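The numbering of the sequence shown is the UniProt record's numbering, which starts it at 1 and goes up by one.
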Amino acid sequence: MHNVVPEGRSASPEDDSVRELHVEYDDAPPPSPARAPAPAPSPEDLPRSPNPLLALARSRGRAAKPPPPPDAAPAPRDVAAPSDVSTAERQAMQAAVATGKRREAWKPPAYLPEDLSEALLSERSQYRAKLLQDARQVSLQGPGVISLVPVPAADPDWSGGSLLGFLGEECVFGGDVVHLDFESGRVFAAPDHGDDVDRRALSADRWCYRPYDFAEALCTAASAYEERQPALAQALRRASGEEPASVPRPQDAELPPTDRLWAQPWGCIWGPPGTGKTTAVADLIARALRAFPGERILAVAPTNRAADELVLRVSALLEREPIPLRPLARSIFRGGTGASDALAKLPTVTLEDTKGGKLRASIEERERELYLQRVRGGPAHELAKLQAELRGLRGKMKDPTLKEAEKGDCPLMVLTVHRALRLVSELEGKSTFARLVVDEAGMVTRAATALMAPLAERVTLAGDPKQIGPVSRAAEGAGRGSQKWLRGSGLSHLEDAVKDAARADVLLLRTQHRMHPDIARVVSHFCYGGALQDGDIVKARAEKAPPVPAFAQTRAGWVVLDGLSRESKRLSHGRGETGSGYQRELSAELAVSLAREAVRAGLSVLCVTPYRAQAALLRRLGTSAGFRGDAFSASTIHRQQGTQYDVVLVDTVAGGRPFPPHTLVPMLNVAASRARDYLLVLASRDEARGATIPQRFLSLLPRLRVLPGSPLRLEAMPLPQKPAPPPPPPPSAPTSLGGEIEGARPTRPLFTQEQVSLFERRFDDGHHLVRGVAGSGKTYVLAHWVARYLLEHEDTRVLVSFYNRALAPLVDKLLVEAIVQRAGRERARALRARVTIKHVGALRRVEPASFDGVFVDEAQDMDANALAMLHALVLPHTLPDGREIRCLQLFMDDSQNVYGQVPIDSLKEQLPEGLSFRGRTRVLKETFRATRDILDVAFNVVLDPMRQHGTSDPGMREYMKAGELAREGLLWLPEETLEGLYRVQSTERAGVLPQVRGFASGASEARQVAKEVARLIREEGVHPGDILVVAPVMPSQYTDALNRAGVPAHAYGGKGGRDVTDFRVSGVDHVRATTVFSCKGHECPVVFFAGLDALDTVENWMAGAKERNARENERIRRAMFYVGATRAMKRQYLTGVKGARFLRVAASYVETLAGLVPS
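Take a look at the structure:
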């Protein structure tokens, strides 16, 4: 977690079994066309897929199909086939992934602040193993390396993790990931202890990935300060910016700014892009070593690469002017076992004090071979073999860091953050150094900075809080502790560059030496309040003629995409080919065309984007265009911190969604500041309107349009008559849930290609059905269909109906927004007047054929009679061929059928003649409301794969169409997961699991819910309008308790509640509470699904329940739970009286999903 490489992925920890990892990034050079193809594998090395269904087919004597190529889309799964994963096999896998994980229970020491303890415990819980859906092309790459293509594809944070292969109940392979090749999607792993690969691994049935637990070093360091609690407490305050800067001494006034900062007990060097931060840090360290040769300095960096770079720079300075009265060779100690052996050739550096000449020579030889292979673009299997050999050799070397820290005499020790945290526990928190210097401190969590600080008397942090920050697994909806200690760094309290530069403990480096002044102006005003100044080098470069004639005279611009296509679909974004990330072909093709003009001018080009899928598309197009690897690179933004290129093309694709503002701001800052000569941002106008951060960033750039013809040329667009006001300052990183919610609030929706395609789909040929999971945007589609119908059919009347009366305000709001977007605000009133929005119960006296079109939301709530009545309200239209059609459009989700209606698929004979939806159904495949973790709990409680309910199966798997979702790749089935649970794949947003709380009585529950709501408002900054309470019955009991607790709250629906048609959806200043029936279609950042015990007694309070059989009532109970448990966007609470069945079952699944109990 804390040894994080600049590209935003986790790096290998340094321990006795060292993991040496090289990641083949998105900007890796394409293979040389002249290279001979790799030799074909021998027959026994042929790929074997461990997919359980294929393994089952083999065991039954049926021929399994050969695995598809790595770039092929996954074939539809036969979800009806039985699984061959037995209970014993699943238990064997769970035991194997638990072995060696060092997952013994960690009890936070009492002296740690409660929020820090909770944050560390939460972080540890995020490191969970997973079962791969498939593993393709499993083959040997030499005796000690195995490779495979995992499905789904490997993430960059697979570095440091391990793979395990299973044949039946036996683990036949276990080893660390040594190489990731994102070109082919292939992962390479080497067995532990340098053993040869067991060839049975080629026939493994299943494969698991186990991440390395980077939180372990944090936890052990946090336990090391029993004897130095005051020092730790002070470090925690300083790292949080809660302790004021020390007043400078009068004699320090004459010192240079860098020396004044060095005199501070806790100081920060703020180095924006291109200002030479590492050079300044190295110079400070070298001068301090010469001035105070008896003092020892500990310098740390988040990665081995950054630590080695710091050593190289300090060494160069000391070679020119050594430390007085000290042997040159004992100037710098580079600790840890991951240091480059190239440092051993420096006259100032000591790597280790053991006699390992032959071993070191072997390591140097392998490093040299590896370097040459990388330069030549060597094949991935050769790189992986060299990485595995290096890993084995380095694992034999001893790490004398602790001995050097305790007894050594080198005045400068350089470590990675991960190794330094281990040193904290080894030294038992003793103060050992005069100063701690943290380079790239903006990438180090606040917790890690504070836990290292007591090792030294003084601390100097160097970094940039406005660039990409720490990599943490803290998810959406995380608690305040995770926000503060793991998402923030020791520099995060620095927000305003101009204001904070005046602080005595801050040194702002203002002069930048990289970016053309036009580019620097954008970066400076976007993140630094205009504080940056141009150095002489860039000023001189700006005087030269523009190097690319095809580009406009400006060096920084927004290339507006809207003029390139009339199709809204081409301007929008869609899911990647692998189902993860977003991509957009239109902007990718334009980026490559622009890159071609720059490459012709002899410039280096970088195409960056927030999304891996788009980066892969850009890379493929660049390869097809014949670009050389040294001239063209394409990658995600995270992997480019610390690089620079002549031309940078930023493809925003989806306006940076779903990245929150505190993440998106540094991403865009890093992307823009990589550019030396040109910065071109490719974005649509909808992206600029969709959220405040893209809007603010693009407002700083002059607009450019693409001129038709060849060669491609850019032209400046006319400036707006009214100049735009200056953009507001960038938002600070949230330190609370309320800040996260506020920052993520969009100004308007930004629709996907799937949604836009459905918006524009023809529906004037009769009736249609749109299905979608909770939060997939069905009501948005309905609103846009109605707006289109009004514009395409003049003088027509439209009805929008539903069963849930609380939907009326939401439908009206979305409909007006859709009309304004399509027709403009001037026509909105007249068009809206042609629409009737009414609850289905209010339509009984309406004459048949009263409307030209009828649109029905939440249609699963309607019975056959209601649907027939709505069908009769539509005026029939006769086609030229004599067929009669009616515009009846239904929108539904069978999973939310809380009234026990017969599914529409079973109503064929009861519906009017001709009202069949075969071939007229569309499914929305992506959900935008809840996180994966919230949906996982909802699906598992309802579908109950572990049989926790103790009741007969009510057929929910068929009712919720689990098989259909699985075939679409939207849901993983229990036989496909390590835990034996359902896992939702319709969203990529990860979050925190719901909190399950039981109470002695209903009155106690209401009081405690009110207490927690008050705490959220008071301590976590959540606005009352961002909290919703959902209850099966009597929501007013919770609003009464809230009002008694001083929290403004109103109930809508149920006994004592207001009319549900008054349910407000915007401008809400109070906590809302409503029933599980009235909440459908609505969403809220924080949701309390309370009174779960009432689900156990549906027969006693729900109308018609006593007339239904037990199976039907159980189905209704679970549908109610699904509705209530899928309203939350960020954080979900599930509460009820202790002993309630749904409370118990939910707690069981939450614990299993958290890895706290075996499934």
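Glycine included, each C-beta is placed from N, C-alpha and C at the ideal position.
Note that the structure is predicted; figures quoted are calculated from it, not measured.
- By the C-beta criterion, the segment 1000-1016 is judged not to be in contact with the segment 935-944, since fewer than 3 inter-stretch pairs fall below 8 Å.
- The C-beta of LYS961 has 16 or more other C-beta atoms within 10 Å across all chains shown, which makes the residue buried.
- Between the segment 803-811 and the segment 821-840 there are three or more C-beta pairs closer than 8 Å, enough to call the two in contact.
- Runs of the beta strand (DSSP E) spanning 3 or more residues and lying entirely within the segment 1117-1153 occur at 1128-1137, in chain order.
- Taking PRO660 as the centre and dropping the five residues before and after it, the same chain places the C-beta of GLU740, GLY743 and ALA744 closer than 7 Å to its C-beta, in chain order.
- Per DSSP, LEU867 lies in no beta strand (DSSP E); the unbroken alpha helix (DSSP H) holding it starts and ends at 864-872.
- TYR1133 and PHE1077 have their C-alpha atoms some 18 Å from each other.
- Residue environment for VAL247: exposed (fewer than 16 other C-beta atoms within 10 angstroms of its C-beta).
- In the three-state reduction of the DSSP assignment, TRP106 falls in the coil class.
- Judged by DSSP secondary structure, GLU170 falls within the beta strand (DSSP E) whose first and last residues are 170-181.
- With contacts defined by Cβ atoms closer than 9 Å, VAL650 and LEU668 form a contacting pair.
- Closest by C-alpha distance to VAL800, out of GLU243, GLU792, GLY271 and VAL786, is VAL786.
- Cβ-Cβ separation between SER568 and GLU760: approximately 7 Å, consistent with a contact (criterion under 8 Å).
- Comparing alpha carbon positions, the residue from LEU712, VAL781 and ASP562 closest to ALA595 is LEU712.
- If you ignore the 5 residues before and after MET1129, its C-beta comes within less than 6 Å of the C-beta of ARG929, GLU1083 and PRO1085, all in its own chain and listed in chain order.
- The beta carbon of VAL923 sits closer than 6 Å to the beta carbons of ARG771 from its chain, once the five residues preceding and following it are set aside; these are given in chain order.
- Taking the Cβ atoms as the reference, ILE269 lies roughly 17 Å from LEU412, outside the contact range of under 8 Å.
- DSSP lists no bridge partner for TYR803.
- The C-alpha of GLU926 is placed about 14 Å away from the C-alpha of ARG967.
- If only complete runs of 3 or more residues are kept, the segment 719-803 shows the beta strand (DSSP E) at 768-772 and 798-802, in order along the chain.
- Closest in alpha carbon position to CYS410, among ARG1141, ARG290 and GLY469, is ARG290.
- Put simply, of ILE819, GLU979 and ASP905 the residue whose alpha carbon is nearest the alpha carbon of SER1148 is GLU979.
- Excluding residues up to 5 positions away in sequence, ILE297, ALA299, VAL314, LEU412 and VAL437 lie with their Cβ nearer than 7 Å to the Cβ of ILE285 in the same chain.
- Around the beta carbon of ALA545, fewer than 16 other beta carbons sit within 10 angstroms, so the residue counts as exposed.
- Among the bridge pairs identified by DSSP, MET413 is matched with LEU298 and PHE333.
- Under the 10 Å beta carbon count, ASP195 is surrounded by fewer than 16 other beta carbons and is classified as exposed.
- Rounded to the nearest whole angstrom, the C-alpha separation of LEU121 and ASP863 is 49 Å.
- Taking TYR528 as the centre and dropping the five residues before and after it, the same chain places the C-beta of PRO272 and ALA497 closer than 6 Å to its C-beta, in chain order.
- In this structure, DSSP gives HIS573 an extended state, which the three-state scheme calls strand.
- Comparing alpha-carbon positions, the option among ASP881, ALA190, LEU421 and ARG797 lying closest to THR220 turns out to be LEU421.
- 9 Å or more divides the Cβ of THR609 from the Cβ of THR643.
- Of the residues THR279, PRO324, ILE637 and PRO256, the one whose Cα lies closest to the Cα of GLU440 is THR279.
- For VAL1065, the CB contacts under 8 Å within the same chain, skipping 5 residues up- and downstream, are PRO809, LEU810, LYS813 and HIS1082 in chain order.
- With a cut-off of 8 Å on Cβ pairs, the segment 1046-1064 is not in contact with the segment 816-833, counting fewer than three such pairs.
- Annotation for VAL97: ALA129, LEU164, CYS208, ARG210 and LEU978 place their beta carbon closer than 8 Å to its own, counting only its chain and skipping 5 residues before and after.
- Taking each of ALA601, GLU792 and LYS484 in turn and checking the Cα distance to ASP115, the smallest one comes out for LYS484.
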